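Taking it in order: structure first as structure tokens, then the write-up.
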Amino acid sequence: GNSVTQMEGPVTLSEEAFLTINCTYTATGYPSLFWYVQYPGEGLQLLLKATKADDKGSNKGFEATYRKETTSFHLEKGSVQVSDSAVYFCARKGGSEKLVFGKGTKLTVNP
Amino acid sequence: DAGITQSPRHKVTETGTPVTLRCHQTENHRYMYWYRQDPGHGLRLIHYSYGVKDTDKGEVSDGYSVSRSKTEDFLLTLESATSSQTSVYFCAIRSHREGETQYFGPGTRLLVL
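Residue numbers (the numbering used here), protein chains in the order written: chain A, 14 to 124; chain B, 111 to 223.
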């Protein structure tokens, strides 16, 4: 089917730690892939995206590479900050101009 | 900021009452979407619209209806609210400048007692 699976949280890290949030997808072909972030009490914001295989999306120190061989789009950041505490959603383009979302991963960064 | 507002931002209602949520956008985007967000489920698509008077169902459309009589407004109606519809509702648009990217409103928190 068409789905997105991301690692279950919550994830708790200390400031300046390395972050990886895994995301894999199932799809026919090579859909565009996205990471969204949701800060407490707010809507989702686009963090980064990649539209074709081997593309790397990056923003605010976060990166994710579109890996068609492993159907993955893992989110990474080398040194997290307290302000990165949020819920992160992986998504893929679905049919009929829709997005299919993962269930979200809550990240807490402690000082 | 894609110029999306939602109203109301918070609402408490009773089981069996009708509820309408409004999504308003100012940038003439063709595609609009309604999602609900629940713990353990992420975001699930309720309905979407691809133009004035053109709408279609998402994966969790039962108990919801929508209307789009003008480009800027997309209304979500719960005809007879149930406790299972307690959720946070998000509206989104698909940017006509950025292809497939969707941008989200701030959300409406609905509590059905």
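Note that beta-carbon positions come from the ideal geometry of N, C-alpha and C, so glycine has one too.
All values derive from a computational prediction rather than experimental measurement.
Run through DSSP, which three-state label would residue i get?
i	result
Val198/B	strand
Ser97/A	Before going further, note that residue 97/A is Asp rather than Ser in the sequence given. Looking at Asp97/A - three-state DSSP - the assignment turns out to be helix.
Ser27/A	strand
Thr85/A	Note that residue 85/A is Ser in the sequence shown here, rather than Thr. If DSSP states are grouped into helix, strand and coil, Ser85/A belongs with the strands.
Ser175/B	strand
Ser71/A	strand
Ser117/B	strand
Ser16/A	strand
If you follow the beta strand (DSSP E) that residue i is in, where does it begin and where does it stop?
i	result
Met20/A	Where Met20/A is concerned, there is no enclosing beta strand (DSSP E), given that its DSSP letter is neither H nor E.
His134/B	Val129 to Gln135
Asp148/B	Met142 to Asp148
Lys154/B	For the sequence presented, residue 154/B should be read as Arg rather than Lys. Where Arg154/B is concerned, the enclosing beta strand (DSSP E) stretches over Gly152 to Gly161.
Asp166/B	Asp164 to Lys167
Asn123/A	Thr118 to Asn123
Lys4/A	What is shown of chain A runs 14 to 124, which leaves residue 4/A out entirely.
Val222/B	Thr218 to Val222
Ala63/A	Leu57 to Ala63
Thr39/A	Cys36 to Thr39
Tyr213/B	Gln212 to Phe214
Val50/A	Leu46 to Gln51
Thr187/B	Asp183 to Leu188
Taking 6 Å as the limit between beta carbons, can you name the residues of its chain near residue i, skipping five residues before and five after?
i	result
Pro44/A	Arg105 and Lys106
Gln19/A	Cys36, Cys103, Gly115 and Thr118
Thr123/B	Val129, Ala191 and Val222
Thr127/B	Ala191
Thr187/B	Thr130 and Ser175
Asn72/A	Leu60 and Leu61
Gly113/B	Gln135, Thr136 and Glu137
Tell me which same chain residues have a C-beta within less than 7 Å of the C-beta of residue i, skipping the five on either side of it?
i	result
Ser117/B	Arg132
Thr64/A	Ser45
Ser98/A	Leu120, Thr121 and Val122
Thr181/B	Asn138 and Val162
Of all the CB atoms in chain A, is at least one closer than 8 Å to the CB of residue i?
i	result
Glu210/B	yes
Pro118/B	no
His151/B	yes
Phe184/B	no
Pro216/B	yes
Leu224/B	For residue 224/B there is no data in the structure shown, the boundaries of chain B being 111 and 223.
Arg207/B	no
Arg178/B	no
Arg146/B	no
Tyr158/B	yes
Tyr174/B	no
Got a sec: is the Cβ-Cβ distance from residue i to anything in chain B below 8 Å?
i	result
Gly125/A	Since the first residue of chain A shown is 14 and the last is 124, residue 125/A is not available in this structure.
Ser71/A	no
Ser45/A	yes
Gly74/A	no
Leu60/A	no
Lys65/A	no
Lys81/A	no
When you measure from the CB of residue i to every non-hydrogen atom of the ligand ADP, does any distance come out below 7 Å?
i	result
Pro118/B	For the structure depicted, the ligand ADP is absent and the ligand set is empty, with no information on it obtainable.
Under 8 Å between C-beta atoms, does residue i make it to chain D?
i	result
Tyr199/B	In the structure shown, chain D does not exist; the protein chains are A and B.
Within a Cβ cutoff of 8 Å, which residues of the same chain sit near residue i, ignoring the five residues on either side of it in sequence?
i	result
Glu76/A	Leu61, Lys69, Gly70, Leu88, Glu89 and Lys90
Leu112/A	Phe47, Ala104, Arg105 and Lys106
Thr84/A	Thr37, Tyr38, Thr39 and Ala40
Ala30/A	Ser92, Val93 and Val122
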